[in-house]
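Numbers 47 to 763, taken from this note's numbering, label the letters of the sequence shown in order.
Here is the structure we will look at.
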Amino acid sequence: MSAPGKVKAVLLNKTSAVSMDVSWETPEVNSTCITGYRLYWGDNSSAATTNNTLHYRIDDLEACTEYNVSVVAVAEQTGIDTLFSTSVSNETTTDVATPGKVGNLTTREVTATSLNISWLPTTHQACITGYTVCWNSKCTNIRDQHYLIQALLPCTEYSVWVAAVADTSSSDSVDIKNTTSVAVPGPVIDLQATNTTSQTVNMMWTQPRTNWTCVKEYKVCWKDGNTAQTCTITDNTSYTITHLMAATNYSVQVGALNAIGELSTLSDISIFTSTLPLAPHTPVTPVIIAVIVILTAGISATVLYMHCKGILLWPPNKHLDPGVRPPPIPLKTFDGQCRQLLDTPSRLSNEYQLLATLCSDISTTQPSLVGQQIDNRKKNRYVNIIPYDATRVKLDIIGGDYATDYINASFIKGYSGEEEYIATQGPKEETCRDHDASFVSGLQRGEEEYIATQGPKEETCADFWRMVYQHNVKLIVMVTQFEEQNKVKCHRYFPPLRENLVIGDFVVRCTTELSFPIYTDRTLVIHKNGRKKSVKHLHFQEWPDFGCPENTHFMLQFCSTMRQHIEDDAGLTVVHCSAGVGRTGTLIAIDILLQHIKENKKIDIFNTVYQLRQQRTNMVQTELQYKYIYQCLLEALQDAAFIHPGKLSSPAQSPEPIYENMLGHSPYEKLVKSVYWDCHNLDLREPLQSNVYLPTSWPLTGVPKVSWSPRGLRKIN
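In structure tokens form, the structure reads like this:
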């Protein structure tokens, strides 16, 4: 009996990353004696025998692995040696699979300023191209299975999480917590004595610049030349020493103590107690003061002149002196100085780099610990955009769960100095009720006017609406698309016109919608427990991610519309893009600075952005956005409507051309009727009103509005 012929056409069909179907055709030679087939793959230690079937499923393969599969025909007869055909093979590589979570994540070494961690891969190791290690809002990608995290603060608990990365996906992260070792604090700074009397003196100081995180308490000691030293311990950065002797010199020393009792280098000062009045100032004092003032003014004027002429430039790759900041620019000279700056790219780059340098250490004084807690990480759209603890928006706690008070949003002070905006990331779906936001500042007082926040994620939509409802938000300004460049930037957190969206305890209804060429004006009504609140929603649609709108005129018109709504309705304004820092920060900065122009004040773009970054990280995220602020203000100064509020723009600058061919009067009429109809079908139990600003093509003078309530529709000039 002859051996069977070779099988024909071995085909491999991958059914998953870890399995494949093998099929073949019957040999053309000696096929009648075939009793089965044998398959080999891997290192040939794996084999399977089929009957006369011409296919076989191979399971439990390794993803991302190349396999050679061979098939031979088998002829078996009793008492006779088994005969095999020549093998026929084919090769393929299994598909990529998401790696499993890393295992055995451990800390190998802990110092005061570093953590050395290691881990092991688990499943689908062949697919792993590297690892992502994140801590304290920072992330890095590496190929090794260990990493040394450096430049940490001592005595500080850090959460470190690691994820395995494949070509198109990554594993769930695994985290570990460690506290860096104790270090001796640095010396206290700015030690000074105030309110000295004959028997008391108030000592004040500032915490150390180095290793301040290890300070547990302070030791204060004092003595005169004849008595033993007296010491005390305090938790505060001030202490009043009492029971002193009059007209006596004392030496006072202050040091910082850590948790194990190690004392910093002592800072000392000499004081003199006296019951006598202070001696009058000598005549030379005013002269000295005058000389100092004149010298200071001269130096400042020289620096300003050199900066404006381009003589004084900050080298882009050298250390920048934080003390040299661009001064505010008077309105009357802004045009020339701004054009000079825009025409000299290196100067603008230097100014933006100086801003980055001055803001580089904010995270050391403005911690973001709450947003990095395990329960809150998933609420952040981006791991490196976390609100500062000091300015984050807090939500009411639900069911005793403290994690429910977090949303990635920041309070921001407006032009008045009040926190006017809420800067926030675009809502995630699970936090559309809560939301990641930070309050952002406008320069003088201290109450909130804005909230800056990320674009809601699917899981944060409920949190977003909790924030809007709890903090009396009257206006939401959206400056992102839901999807950009095939990437989700913001979850759709509100319904289409005349539809309801149920999110947690809230029912949100869109009652009006006006579509303009560059933005959409909506009215959203929030229902909760029988109560309703109306919120205006402005969606600017012509702003690319990390870029800027092509037209500054449209942006100025949009800012004007936004400002009208802010001034009409007392309440906070939420501003969000995707991350809640780039486009969001740029829009808030422009709004603040336009108000400076209207009050004929100096323009200080540098300090405005610097103050925004003190309240939410990375506000105005790119140099291009920083330049765009200058361009918008330059155009605004050419428009009398911005310089002198109440004056209309010239015909060439009027907003009318933007809208004149859009709808015409008749569609507006239909729109108003539809608004009126929808209001009467809301079944409202309390008065509710919303203003809609229309283009000047509407047959009213000035900037017209249409206002509606359940009792009817009325026009307002």
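Here a beta-carbon is modelled for each residue, glycine too, at the ideal position from N, C-alpha and C.
Nothing here was measured: the structure is a model prediction, and the numbers come from that model.
Spatial neighbours of residue i in its chain, beta-carbon cut-off 7 Å, leaving aside the 5 residues before and after
i	result
Asp381	Leu680, Leu683
Asp367	With a pLDDT of 48 at Asp367, under the threshold of 50, the modelled position of this residue cannot be trusted; read the value that follows with caution. Excluding sequence neighbours, Asp367 sits near nothing in its chain.
Thr81	Val120, Ala121, Glu122
Cys605	Ile636, Asp637, Leu640
Lys574	Tyr515, Asp551, Phe552
Gln671	Cys594, Gly628, Thr632
Thr159	Gln196, Ala197, Leu198, Pro200, Thr226
Ile188	Gly176, Tyr177, Val179
Leu194	Ser160, Asn162
Sequence-distant residues of its chain with Cβ nearer than 6 Å to residue i (five each side left out)
i	result
Tyr434	Gln412, Ser414
Lys147	Ser217, Asp218, Val220
Ser133	Ser116, Val118
Val330	Confidence is the limiting factor: at Val330 the pLDDT is only 43, short of 50, which leaves the residue's position unreliable and the question unanswerable from this model.
Asp421	Ala449
Thr95	Gly82, Arg84
Lys520	Asp615, Gly617
Ile222	Leu151, Val206
Cys173	Ala109, Cys110, Val142, Ala143, Pro145, Ala212
His583	Ile522, Arg568, Leu570
Paired residues, beta bridge with residue i - DSSP
i	result
His192	Ser164
His583	Ile522, Arg568
Asn852	An answer regarding residue 852 cannot be provided, because it is not within the stretch 47 to 763 covered by the chain.
Val134	Val117
Leu309	Leu303
Tyr264	Thr280, Ala302
Asn295	Phe318
Leu560	Asp567
Cys180	Cys185, Trp207
Ile235	Thr252
Where residue i falls, given that 16 or more other Cβ within 10 Å makes a residue buried
i	result
Pro397	One point to set straight first is that residue 397 is Glu, not Pro, in the sequence displayed. Answer is buried; the Cβ neighbour count reaches 16.
Leu166	exposed
Ala616	exposed
Glu74	exposed
Leu658	buried
Leu309	exposed
Pro326	Any reading at Pro326 must be qualified, since the residue scores a pLDDT of 42, below 50, and its modelled position is unreliable; the value itself is stated next. Exposed, by the Cβ-count rule.
Glu71	exposed
Pro376	exposed
Phe592	exposed
Ser131	buried
Phe485	At Phe485, the pLDDT of 47 sits below 50, so the modelled position is not reliable; the number obtained from the coordinates is stated separately. Looking at its Cβ environment, which holds 16 or more other Cβ atoms inside 10 Å, Phe485 is buried.
Ile338	With a pLDDT of 49 at Ile338, under the threshold of 50, the predicted position of this residue should be treated as unreliable, though the coordinate-derived value follows. Exposed: under 16 other Cβ atoms inside 10 Å.
Asn282	exposed
Glu494	buried
Asp729	Residue placement at Asp729 is flagged as unreliable, the pLDDT there being 41, under the threshold of 50; the coordinate-derived value follows with that caveat. Counting Cβ neighbours within 10 Å, Asp729 comes out exposed, since fewer than 16 surround it.
Thr379	exposed
Ser456	buried
Thr619	buried
Asp685	buried
CB contact below 8 Å: residue i versus chain D
i	result
Tyr448	Reference to chain D is not applicable here, since this structure consists of a single protein chain.
Sequence-distant residues of its chain with Cβ nearer than 8 Å to residue i (five each side left out)
i	result
Thr294	Asp270, Phe318, Thr319
Trp589	Val525, Thr526, Pro595, Cys623, Arg629
Gln419	Ser205, Ala449, Tyr452
Glu669	Leu394, Ser395, Tyr398
Thr61	Asp67, Arg103
Contact test: residue i Cβ vs the ligand SAH heavy atom, cutoff 7 Å
i	result
Arg629	The ligand SAH is not among the ligands present in this structure, which contains no ligands whatsoever.
Practice problem: Report yes or no: do the segment 676-687 and the segment 441-451 share at least 3 C-beta pairs separated by less than 8 Å? | Solution: Counting Cβ pairs under 8 Å, fewer than three are found: no touch.
Quiz item: Touching or not, the segment 622-635 and the segment 646-666, by the rule of three or more beta carbon pairs under 8 Å?
Solution: Yes: the two stretches touch, three or more of their Cβ pairs being nearer than 8 Å.
Practice problem: Taking 8 Å as the threshold, find out whether the segment 283-290 comes into contact with the segment 260-269 through three or more Cβ pairs. | Solution: yes
Practice problem: Decide if the segment 593-607 is in contact with the segment 491-506; the criterion is three or more beta carbon pairs, one per stretch, under 8 Å apart. | Solution: no
Exercise. Count the C-beta pairs between the segment 252-266 and the segment 207-216 that are closer than 8 Å, then say yes if the count reaches three, no if not.
Key: no
Practice problem: List in chain order: all unbroken alpha helix (DSSP H) runs of 4+ residues lying wholly within the segment 595-669. | Solution: 598-614, 628-644, 651-661
Self-check item: Sequence ranges, alpha helix (DSSP H) only - wholly within the segment 52-85, length at least 4
Solution: none
Quiz item: Do the segment 180-188 and the segment 142-159 meet, that is, are 3 or more Cβ pairs less than 8 Å apart?
Solution: no
Quiz item: Hey, is the segment 553-573 in contact with the segment 526-536, meaning 3+ C-beta pairs nearer than 8 Å?
Solution: no
Exercise. Enumerate, from N- to C-terminal direction, the unbroken alpha helix (DSSP H) stretches of 4 or more residues contained entirely within the segment 506-552.
Key: 507-516
Quiz item: At what residue ranges does the segment 416-473 contain a whole run of the beta strand (DSSP E), taking only runs of 3 or more?
Solution: Runs of the beta strand (DSSP E) inside the segment 416-473: 438-440, 452-459, 465-471.
Self-check item: In chain order, each alpha helix (DSSP H) run of at least 4 residues that lies wholly inside the segment 369-396
Solution: Within the segment 369-396, the complete alpha helix (DSSP H) segments of 4 residues or longer fall at 377-388, listed in chain order.
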